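Offset between the sequence shown (1-based) and our numbering: plus 29. In this text, a Cβ means the ideal position worked out from N, Cα and C, and glycines have one as well. Just so you know, these numbers come straight off a predicted model, no measurement behind them. Single-structure report; data block below.
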Amino acid sequence: MYLLVTITDTVVIKPKNFGADLKDVIEQELNARFANKLIYKVGLCISLWDILEIGESFISDVDASYHTQVTFRFACFRPSIDEVLLGTVKSCSKSGIRVSMNFFDDIYIPAEKLRHPSRFDYEQSSWIWEYAYEGETAELRIDRNDTIRFRVVEELWRDPNPDGSKSLTSKNEEAAAEAEALAEDHPIYTAPYTLIVSLFCTVICAV
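What follows is the structure, given as structure tokens:
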């Protein structure tokens, strides 16, 4: 689910911080810049892991700040394909279920990737999984705020840079094309990073 990414970047240290511990200031600046930010085709940055190297500092002739090149590692969220994760149902619609992991909400279960047979309850805006139990058909309702387990099927990327491509990219061209077609009706597909997942199990059925 998480991976360590090595990054080299220039950290700007303002004159007001010259008296503070250099490493502490760099850590604060890196977390402020990268935490909760998405790096295209890398993942969602969570927190600074460690600093590998601090280079020489150069004083800017514009504002007298130190410019220091730093190599560091950041913990990033980018689950693997087929990885099973735990999340909460954020919303349900006839097209599927949106899932949240608190810090990341762009997770979507298309209707065709729910357990079969399933049907959508329009009155309560929830999904009902009809499964066989002791020779009979039982119903398990999936509502908003329910905890579920899901399996990662596909990741979709959309370049967030102003001059970047606005088309979705994926290892699976067919999945990207389908998501692109749904983007107008489903805003989740316009996010820079989207996980397409399948319902693995509800917590109730897993106990």
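Cutoff 6 angstroms; reference residue i; Cβ partners in own chain excluding five residues on either side
i      : result
ILE83  : VAL99
ALA220 : ASP135
PHE87  : HIS96
ALA130 : With the sequence shown as reference, residue 130 is identified as Met, and Ala is not the correct amino acid for it. Cβ within range, chain order: GLY116.
THR39  : HIS96 and GLN98
ALA235 : Unreliable placement is indicated for ALA235, whose pLDDT of 47 sits below 50; no coordinate value is reported for it.
Reference residue i; option with closest CA among the options
i      : options                           : result
GLN153 : ARG170, LEU143, GLU159 and ARG144 : ARG170
ILE36  : ILE138, LEU228, ILE42 and ILE80   : ILE80
ARG102 : GLU85, LEU77, GLU183 and VAL40    : LEU77
PRO139 : GLY48, SER122 and PHE133          : SER122
PHE179 : GLU141, LEU228 and PHE149         : LEU228
TRP321 : THR223, TYR151 and ALA93          : The chain is shown from 30 up to 236; residue 321 falls before or after that span and cannot be answered.
GLU85  : SER109, ILE110, LYS52 and VAL91   : LYS52
VAL226 : ASP172, GLU141, LYS66 and ASP175  : GLU141
PRO189 : LEU67, SER124 and PRO108          : LEU67
TYR69  : SER89, VAL34 and ASP175           : VAL34
SER124 : ALA93, TRP156, GLU112 and SER94   : TRP156
Opening and closing residue of the alpha helix (DSSP H) in which residue i lies
i     : result
LYS52 : 51 to 63
Under 9 angstroms between C-beta atoms of residue i and residue j
i      : j      : result
GLU163 : SER147 : no
TYR137 : ARG144 : no
VAL182 : LEU114 : no
ILE42  : GLU58  : yes
TYR31  : PHE106 : yes
GLU165 : ILE110 : no
VAL118 : ARG173 : yes
THR231 : ASP175 : yes
DSSP beta-bridge partners of residue i
i      : result
THR117 : SER129 and THR176
TYR69  : Per DSSP, none; premise fails for TYR69.
VAL181 : VAL226
GLU82  : THR100
PHE87  : HIS96
LEU77  : PHE103
SER122 : GLY125
THR231 : ILE177
The beta strand (DSSP E) enclosing residue i, as first and last residue numbers
i      : result
ARG170 : 165 to 171
TYR162 : 155 to 162
ILE110 : From DSSP, ILE110 is part of no beta strand (DSSP E); its letter is neither H nor E.
TYR31  : 31 to 42
TYR137 : 136 to 139
ASP150 : 147 to 150
Contact set for residue i: own chain, Cβ-Cβ below 7 angstroms, skip 5 residues either direction
i      : result
ALA167 : TYR160
GLU213 : Only weak support is given to the placement of GLU213: the predicted model assigns it a pLDDT of 49, under 50, and the question is left unresolved by the model.
ASN46  : VAL54
The ligand ZN heavy atom lying under 8 angstroms from the CB of residue i
i      : result
ASP188 : Inclusion of the ligand ZN in the displayed structure is not the case, the ligand content being empty and no account of it being possible.
Neighbourhood of residue i by C-beta distance below 8 angstroms, restricted to the same chain and skipping five residues each side
i     : result
GLY48 : none
VAL71 : VAL34, CYS105 and ARG107
LEU73 : ASN65, LYS66, LEU67, CYS105, PHE106, ARG107, PHE132, PHE133 and TYR222
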